[in-house]
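Numbering (this note's numbering), first residue to last: 63 to 663. Backbone N, C-alpha and C define an ideal beta-carbon position, used for all residues, glycine too. All of these numbers come straight from a predicted model, not from anything done at the bench. What follows is a single structure, written as structure tokens, with notes after it.
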């Protein structure tokens with residue numbers, strides 16, 4: 063649907079139809095050829111119709127040229143897949159096959175096996191056998207086996223199998239999409255925040271990405287020397303002046319800037335957004351004398367330090383962060399960028415994970431304040447209702463900068479409900495509604511001495527949401543936390559009373575995690591807050607915790623805390639060998655297999 067902004071092709075799914083290789087007088091193989099190949103074609107159709115790359119195009123699926131019954135055919139399939147750029151393989155079969163001869167032996171591919179649950183031929187026996195061989199050889203694979211027996215001539219895919227196939231496919235495409243791309247840090251560590259202390263080895267070893275770094279002064283160099291696309295800047299500026307509603311200035315009158323200064327700062331922050339786009343992806347419109355800058359850094363995600371060296375002197379990066387993270391700009395609807403405020407790479411990577419899984423814009427926020435029902439009642443006189451009451455309170459998600467504007471919930475679905483849409487479904491009406499729900503307020507000079515503009519909106523609707531945090535722990539490595547829940551709309555006077563106790567010029571979202579009242583991290587919203595691993599959280603539309611668990615297992619990142627129903631947890635079959643408690647088994651399996659691209663110590 064849109065041209066890819068990255069160097070390198072998107073990951074391809076390869077389907078391997080394996081078969082019983084026996085010919086002979088009864089021609090066992092011949093009797094299974096059509097059924098086996100139809101399984102492969104049906105799986106390919108399911109992927110192509112339901113999965114998309116981040117640019118909106120359907121995923122590419124290739125099928126082996128023949129069924130695979132012996133090792134020579136495995137080799138031919140592997141050769142084809144190398145030429146086609148296959149990063150993900152699904153092996154399918156309705157019957158017994160010769161496991162070690164027919165399995166995917168490529169250590170770099172992400173693997174699953176679907177064995178048909180039917181009685182005529184032992185597909186389940188092959189599935190169990192080949193998964194054991196995968197485990198024995200240190201090549202983890204996901205096992206897919208339907209709950210109910212099917213007739214041999216039934217070519218439909220059961221719903222439970224569809225769910226696992228699509229969960230595997232979504233997560234695998236997301237994981238493989240990061241390979242060879244860059245994280246671009248603009249600046250360095252922000253105010254001592256651990257998340258912005260970049261760990262290049264982790265990014266290389268676990269994600270297959272590289273780290274690129276430029277100093278923030280590069281933005282000033284490009285402004286000063288005119289190293290940007292003037293036509294795009296003028297288009298962006300005209301659009302911003304038309305669409306952006308300027309809000310109140312909270313600063314003391316004697317410190318407020320003149321109207322002329324404010325206009326210059328607005329032009330400055332728009333130009334920042336244009337330049338940061340160029341730094342991330344390059345710009346093919348640059349003239350020959352700027353051919354070096356035209357290349358860009360092939361960044362699938364980036365972070366901007368800002369505080370304090372930049373923001374003590376220059377206007378802040380809030381406009382660039384908010385607009386680039388949104389699902390549209392002066393060019394209309396387009397794939398969201400990932401640009402983390404305060405260069406919090408760990409939160410930015412969490413945003414990247416969920417963007418690749420959902421193709422939606424992502425929120426960045428401080429996990430700032432827990433409000434108990436009692437505290438809300440004491441301060442406002444209001445009794446929390448609905449999910450906020452049921453889950454023991456709300457968490458205030460608020461931060462200057464990188465929260466996408468889509469999080470206002472101003473876009474509507476066909477039933478009039480507030481949503482955050484896949485970017486290609488964001489209409490012009492949605493864009494206008496989102497911009498109308500947002501004001502741009504002069505930056506708080508206590509935080510940002512150099513001025514600038516902060517986006518300001520309130521999430522006024524209830525939407526399903528998932529909040530995550532990626533952390534690095536010395537001696538352990540990476541770990542992921544996941545909390546599914548809902549955004550909460552509060553009465554205006556209640557929200558304002560609570561909001562004004564922090565910064566009233568920043569985007570405001572109230573979040574109620576789904577809690578079960580049992581002892582542990584999800585007893586109540588308070589316990590979620592109390593167990594959260596850092597000051598920031600990345601938040602996505604939808605309940606996508608199950609996809610995240612599958613995705614994390616592919617990257618060998620254990621999940622420390624989640625509220626996903628146990629029957630939705632889907633990890634490689636080898637994880638079952640590491641103990642009966644799923645969380646502990648996850649930790650042990652991830653430690654055993656190590657980082658996907660090289661051991662991380």
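Check whether the Cβ atoms of residue i and residue j sit closer than 8 Å, and answer yes or no.
| i | j | result |
| --- | --- | --- |
| residue 573 | residue 527 | yes |
| residue 192 | residue 161 | yes |
| residue 311 | residue 504 | yes |
| residue 78 | residue 151 | yes |
| residue 499 | residue 470 | yes |
| residue 492 | residue 464 | no |
Of the residues the options, which one's Cα is nearest the Cα of residue i?
| i | options | result |
| --- | --- | --- |
| residue 549 | 592, 138 and 468 | 468 |
| residue 369 | 359, 570 and 380 | 380 |
| residue 226 | 240, 245, 236 and 206 | 206 |
| residue 391 | 237, 656 and 485 | 485 |
| residue 577 | 599, 465, 534 and 452 | 452 |
| residue 263 | 649, 571 and 534 | 534 |
| residue 285 | 250, 332 and 241 | 332 |
| residue 407 | 499, 336, 584 and 364 | 364 |
| residue 515 | 556, 378 and 443 | 378 |
| residue 165 | 199, 179, 474 and 148 | 199 |
| residue 403 | 350, 411 and 396 | 411 |
| residue 349 | 289, 570 and 394 | 289 |
| residue 168 | 91, 142, 464 and 190 | 142 |
| residue 72 | 293, 105 and 119 | 119 |
| residue 594 | 627, 645, 532 and 558 | 532 |
| residue 437 | 203, 563, 511 and 645 | 563 |
| residue 508 | 314, 483 and 243 | 314 |
| residue 693 | 117, 97 and 88 | Outside the shown range of the chain (63 to 663) lies residue 693, about which nothing can therefore be said. |
| residue 489 | 393, 269, 465 and 427 | 393 |
| residue 178 | 287, 268, 104 and 523 | 104 |
| residue 596 | 204, 426 and 137 | 426 |
| residue 75 | 92, 122 and 97 | 122 |
Leaving out five residues on either side along the sequence, give the residues of the same chain with a beta carbon under 6 Å from the beta carbon of residue i.
| i | result |
| --- | --- |
| residue 501 | 307, 309 and 518 |
| residue 416 | 424 and 602 |
| residue 220 | 208 |
| residue 630 | 608 |
| residue 372 | 278 |
| residue 66 | 117 |
| residue 291 | 345 and 347 |
| residue 69 | 360 |
| residue 173 | 151, 166 and 203 |
Exposed or buried, residue i, counting other C-beta atoms within 10 Å across all chains shown (16 or more means buried)?
| i | result |
| --- | --- |
| residue 385 | buried |
| residue 247 | buried |
| residue 625 | buried |
| residue 440 | exposed |
| residue 739 | In the structure as shown, the chain begins at 63 and stops at 663. Residue 739 is therefore absent and cannot be evaluated. |
| residue 476 | exposed |
| residue 621 | buried |
| residue 642 | exposed |
| residue 3 | The structure shown does not extend to residue 3, since the chain spans only 63 to 663, so no value can be given for it. |
| residue 253 | exposed |
| residue 396 | buried |
| residue 670 | The chain is shown only over 63 to 663; residue 670 falls outside these bounds and no answer can be derived. |
| residue 149 | buried |
| residue 320 | exposed |
| residue 583 | buried |
| residue 540 | buried |
| residue 639 | exposed |
Given residue i, which residues of its chain have a CB within under 7 Å of its CB, disregarding the five upstream and five downstream residues?
| i | result |
| --- | --- |
| residue 613 | 233, 236, 237, 415 and 419 |
| residue 652 | 618, 619 and 620 |
| residue 450 | 456, 550 and 574 |
| residue 342 | 246, 358, 359, 361, 364 and 399 |
| residue 605 | 526, 528 and 546 |
| residue 568 | 460, 461, 462, 516 and 518 |
| residue 317 | 507 |
| residue 634 | 202, 203, 204 and 615 |
| residue 266 | 272 and 659 |
| residue 552 | 572 |
Between residue i and the rest of its own chain, which residues show a CB-CB distance below 8 Å, the 5 nearest in sequence each way excluded?
| i | result |
| --- | --- |
| residue 382 | 331, 334, 335, 338, 366 and 401 |
| residue 159 | 80, 81, 82, 83, 130, 131, 188 and 192 |
| residue 559 | 441 and 442 |
Check: Does the stretch 351-363 come close enough to the stretch 429-437 that 3 or more CB-CB pairs lie under 8 Å?
Finding: no
Note to self: With three or more C-beta pairs closer than 8 Å as the rule, is the stretch 203-214 touching the stretch 175-187?
What the structure shows: yes
Note to self: Closer than 8 Å is the cut-off here; do at least three beta carbon pairs connect the stretch 454-467 with the stretch 578-590?
What the structure shows: yes
Item checked: Any 3 or more C-beta pairs closer than 8 Å across the stretch 263-280 and the stretch 292-308 -> no
Check: Does the stretch 150-158 touch the stretch 72-82, meaning 3 or more C-beta pairs lie closer than 8 Å?
Finding: yes
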